[in-house]
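So the structure is just underneath, and the comments pick up after that.
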Amino acid sequence: MLVRNRDSEDWGLGQVQSNINGKLTVNFEHVGKVTLNSAKVSLTIVHRSD
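Here the sequence shown stands for residues 50 to 99, numbered as in our numbering.
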């Protein structure tokens, strides 16, 4: 799944690598790998592959 962080658009496009109990690990173009709490971060889905 590809996402963007609405609060930090300058992070670039991010690829979700895992989602364990609401903790997301996302690899963003401009900041690298980040762990986020899905309850506190607003992400926009850009592309979803099922």
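Note that CB positions come from ideal geometry on N, CA and C, so glycine has one too.
*Name the DSSP bridge partner or partners of Arg53?*
Thr93
_Just to confirm my understanding: we take Arg85, look at its own chain, exclude 5 residues before and 5 after, and list those with CB closer than 7 Å. What are they?_
Reading off the sequence, residue 85 comes out as Leu, not Arg. Cβ within range, chain order: Leu73, Val75.
*Which residues mark the beginning and the end of the beta strand (DSSP E) in which Val83 is found?*
81-86
*Opening and closing residue of the beta strand (DSSP E) in which Gly68 lies*: Sequence inspection shows Asn at residue 68; the Gly mentioned does not correspond to that position. Its beta strand (DSSP E) spans residues 63-69.
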